[in-house]
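Step one of this worksheet: look at the structure below.
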């Protein structure tokens with residue numbers, strides 16, 4: 002672990018803050034002396050491997066592919082092909098356009114890299130010929146990982162290779178492109194930028210286009226960029242499109258990128274489970290106010306393992322990263338608001354570690370090959386079953402891979418299990434004893450109250466959690482109106498929830514007017530009154546304090562009583578005494 006950045010201690014004295022930290026540790030230590038809870042100690046017996054290897058060896062390609070590639074593969078330690086490799090490589094070596102579908106961790110990267118390298122090797126591609134192969138990846142991290150595999154495969158070849166992506170020097174990339182990069186790994190946005198604005202980018206001799214994680218590329222908003230890229234690239238080429246899931250948008254992309262009759266290979270289509278066999282996965286039912294206590298206990302008991310914890314927002318990752326490190330549970334974090342250099346450094350640090358904890362958003366959920374991950378914890382629920390599959394795909398990777406996944410659900414969210422079952426994802430309920438959970442709630446609230454910077458970070462994390470929850474696509478499962486904000490706030494260390502503006506001012510509310518004399522006109526002035534809110538998500542109770550200024554009465558007839566309907570502009574979620 003690298004040196005963790007400490008949170009400035011501004012409000013309380015140093016001695017007082019040390020006391021708070023000591024209280025947090027002491028309260029959790031006393032719980033640790035007891036028999037560990039099952040949720041913290043779930044280590045299922047070793048399962049048989051994922052069964053993704055075949056009897057087909059790479060040596061069977063002797064005479065079909067170059068000895069240079071065979072030597073590189075041998076140095077990488079690969080002997081037998083995986084299912085996706087054995088089913089796709091022979092067809093790709095024949096020059097077929099192909100659309101491949103396989104679970105994450107199935108060996109797709111080598112399946113498309115080997116035929117591409119062999120194609121350029123047979124054509125004796127040189128730097129002066131420009132770019133002969135382009136590999137498009139959705140994220141910077143996946144691009145770097147693909148680039149790393151490519152580098153190993155090209156160990157004995159003379160082809161040039163390069164990587165272009167956002168967050169790096171565009172000028173330096175343009176210089177290298179001008180000199181000639183035979184095999185190029187790129188993210189969509191930066192690739193389109195160079196195609197349009199780098200005059201010396203030699204791509205007219207393109208022989209092969211590879212689109213990796215096509216569904217993810219489209220999900221994160223690169224649909225228009227991909228359409229423009231397809232228009233700019235030469236049409237006479239071989240195209241390979243790989244995707245973990247098949248969606249309508251992926252089919253649309255395949256129509257504009259592949260030839261009329263591409264070969265489709267889906268090695269998992271007939272399997273009963275959408276996740277790998279070596280994965281032991283389950284869920285726990287946890288109320289909102291106990292979620293952080295559960296996570297804290299779990300991480301404390303599994304700090305000697307390799308764990309990834311998924312959150313719904315960057316601000317939540319940032320806050321819990323600061324909080325956990327502050328109370329001496331060392332964790333790393335990756336999220337979309339970090340600088341690329343920091344994300345890269347953390348990514349490789351976590352990959353190379355044997356025991357560490359990584360907090361992350363879904364930026365780390367797709368395609369990345371992170372070795373030996375023991376646990377995947379989904380602290381915030383995924384948007385849909387596909388996202389769940391990609392998150393848990395970070396563990397139990399490769400032949401014989403085993404791993405464990407934990408999904409934390411509120412009682413109101415159990416309906417999500419039906420969607421998972423329909424998507425062929427088997428989940429069991431993990432039992433545990435609440436008496437074994439570390440009860441540090443009082444100390445947590447005191448810490449958040451006293452430390453200014455943690456308090457601000459917690460506020461932003463709380464707000465981003467509510468907004469992310471409100472934006473869920475499965476509204477019938479993740480209904481923001483079912484949130485008890487008082488309990489949600491407790492998991493962020495607040496006794497009273499901060500105000501969150503969800504842009505709800507367009508709704509109509511019924512306001513109790515204490516001064517009926519104000520109702521004589523169509524405009525009334527309401528100072529601080531009690532308002533009945535039909536949206537509980539906006540407040541801790543259904544009665545809140547609001548501030549209303551000269552509001553328009555939509556039904557003047559209502560002014561004869563003490564109740565009128567008005568537009569409410571600003572809502573403050575501090576409950577009035579009842």
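Residue numbers (this note's numbering): 2 to 579.
Don't be surprised by glycine CBs; every beta carbon is placed ideally from N, CA and C.
A quick note: this is a predicted structure, and the numbers were derived from the prediction, not measured.
Under the DSSP definition of a beta bridge, residue 307 partners with 357. DSSP places residue 229 in the uninterrupted alpha helix (DSSP H) bounded by 224-233. Boundaries of the beta strand (DSSP E) around residue 57: 54-58.
Looking at 388, 451 and 501, the one whose alpha-carbon comes closest to that of residue 221 is 388.
Rounded to whole angstroms, the separation of the alpha carbons of residue 72 and residue 137 is 26 Å. Within the same chain, and ignoring the five residues on either side of residue 485 in sequence, the residues whose Cβ sits closer than 7 Å to its Cβ are 289. For the alpha helix (DSSP H) assignment, the uninterrupted runs of no fewer than 4 residues enclosed by the segment 371-395 are, from N- to C-terminal side, 386-393.
Burial check for residue 412: the Cβ neighbour count within 10 Å stays below 16, so the residue is exposed.
Residue pairing for residue 186: DSSP places it in a beta bridge opposite 136 and 164. Proximity to residue 362 across 314, 476 and 353 peaks at 314, based on C-alpha coordinates. The beta carbon of residue 240 is closer than 6 Å to those of 98, 210, 258 and 259 in its chain, skipping five residues each way along the sequence.
Scanning its chain for C-beta atoms nearer than 7 Å, with the 5 sequence neighbours on each side dropped, one finds around residue 338 the residues 315, in chain order. Looking at the backbone, the Cα of residue 432 and that of residue 285 are separated by about 7 Å. Just measuring C-alpha positions, the residue of 79, 470 and 173 sitting nearest residue 384 is 470. Under the three-state reduction of DSSP output, residue 345 falls in the helix class.
A Cβ-Cβ distance of about 5 Å is found for the pair residue 405 and residue 281, placing them in contact under the 8 Å criterion. Judged by beta-carbon spacing, residue 114 lies within the 7 Å limit of residue 151, meaning their Cβ atoms are closer than that value. By a beta-carbon distance limit of 8 Å, residue 164 does not contact residue 212. Their separation comes to about 16 Å.
Per DSSP, the unbroken alpha helix (DSSP H) holding residue 149 starts and ends at 141-154. Each of 454, 326, 206 and 219 was checked against the Cα of residue 236, and the nearest Cα belongs to 206. In the three-state DSSP reduction, residue 315 falls in the helix class (H, G or I). Between the segment 443-458 and the segment 472-479 there are fewer than three inter-stretch CB-CB distances shorter than 8 Å, so the stretches are not counted as touching. Of the candidates 101, 120, 185 and 167, the residue whose Cα lies closest to the Cα of residue 265 is 101. Between residue 218 and residue 139, the beta carbon gap of about 4 Å places them in contact (Cβ cut-off 8 Å).
Comparing alpha carbon positions, the residue from 323, 342 and 295 closest to residue 379 is 295. Per DSSP, the unbroken beta strand (DSSP E) holding residue 282 starts and ends at 280-286. Comparing alpha carbon positions, the residue from 87, 78 and 232 closest to residue 116 is 87. Apart from the 5 residues on each side of it in sequence, residue 177 sits with its Cβ closer than 7 Å to the Cβ of 163 in its chain, given in chain order. For residue 247, no alpha helix (DSSP H) encloses it, and the DSSP letter there is neither H nor E. Per DSSP, reduced to three states, the secondary structure at residue 209 is strand. Of the other Cβ atoms in all chains shown, fewer than 16 fall within 10 Å of the Cβ of residue 249; this residue is therefore exposed. At a Cβ-Cβ threshold of 7 Å, residue 112 and residue 85 count as neighbours. DSSP lists 100 as the bridge partner or partners of residue 265. Contact between residue 254 and residue 226 fails: their C-beta atoms lie close to 11 Å from each other, not under 8 Å. Listed as beta-bridge partners of residue 334 by DSSP are 360.
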